[in-house]
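Enquirer:
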Amino acid sequence: MRLRLIGTIAALILLLIDVAQAQERLTIKILPESTIKITGRSSLGGYTFKYKGDLARVFQIPANANNKQVLAAIRAYQLEVEKFSSGNFFMNKDFRKVMKVESFPYGKIELISFQSDQNGNGYSKIGVTIAGVRKEFLIPYHSSKEPYRFIISGSQPIRFNDFGLNPKDASQIVEIKDSCTVELNLVVQVD
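Add 100 to the 1-based position in the sequence shown for the numbering used here, that's all there is to it.
(1) Is the number of C-beta pairs between the region 222–235 and the region 202–211 that are closer than 8 Å three or more?
(2) Quick check on this structure: which residue in Phe-159, Ser-186, Ala-165 and Arg-157 has the alpha carbon closest to the alpha carbon of Thr-148?
(3) What did DSSP end up calling Val-274 once you bin it into helix, strand or coil?
(4) With DSSP collapsed to three states, give me the class of Ala-120.
(5) Contact defined as beta carbons within less than 8 Å: I believe Val-288 pairs with Ile-128. What is the distance between those atoms, to the nearest angstrom?
(6) Where does Glu-210 fall in DSSP's three states?
(7) Give the secondary structure of Pro-162 by DSSP, where H, G and I count as helix, E and B as strand, and everything else as coil.
(8) With a 10 Å radius around its C-beta and 16 neighbouring C-beta atoms as the bar for buried, classify Leu-211 as buried or exposed.
(9) Alpha carbons only, please: which of Leu-144, Ala-165 and Ile-130 is nearest the one belonging to Asp-154?
(10) Just the C-alpha distance for Tyr-151 and Gly-264, rounded to the nearest angstrom, thanks.
(11) Got a sec? Which residues, its chain only, sit under 7 Å from Asn-188 by beta carbon, not counting five neighbours each side?
(12) Let me know if Gln-218 comes out buried or exposed under the rule of 16 or more other beta-carbons within 10 Å of its beta-carbon.
(13) Beta-carbon within less than 8 Å of Lys-183's beta-carbon, same chain only, minus the 5 sequence neighbours each way: which residues are those?
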């Protein structure tokens, strides 16, 4: 779910290195206005869970960092599953049950590798662990560049069953579809 976050940060860092060659170190900030959403369908219609936790992070790397240094700086990223909210108590409760939050309160994301082009497009290979199950994804992303500030966005379809999760466990009344989409808008600033 948080796959794009790390992959896009890494790509952003490579895009910004030319901007800051005169500096010894770059400070990359993921700003609080960044968003992560999970959208999907149930028998009652669509749903959206937004991450309500603090997405802000700060990473420092050398201005002339290579891929290995970037990967080392941004190795892992954790998000609390309970911080995803639909605004509906019962939907939140069902979502947490599906995600096995009592046994697995955090999801883990690992940046494995990344590629980017001069236009701000690229792919990231990400390892994601949800409910104790690790999967790897190759995720496309696009970044919108302003001076010293970037908005990186992308989406990735996933299936609950791929992580050993059964959405039918959540509710006997409402059927939650197995597939959902993780959407990311990451606002990044370079100092």
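Ideal placement from N, C-alpha and C gives every residue a C-beta, glycine not left out.
Expert: On the basis of the supplied data:
(1) Judged by pairs of C-beta atoms under 8 Å, the region 222–235 touches the region 202–211, as three or more such pairs exist.
(2) Ser-186
(3) coil
(4) Any reading at Ala-120 must be qualified, since the residue scores a pLDDT of 44, below 50, and its modelled position is unreliable; the value itself is stated next. In the structure shown, Ala-120 falls within a coil segment according to DSSP collapsed to helix, strand and coil.
(5) The pair is a contact, with the Cβ atoms about 6 Å apart (cut-off 8 Å).
(6) strand
(7) strand
(8) Burial call: buried.
(9) Ile-130
(10) 22 Å
(11) Nothing meets the Cβ criterion.
(12) exposed
(13) Tyr-151, Lys-152 and Gly-153
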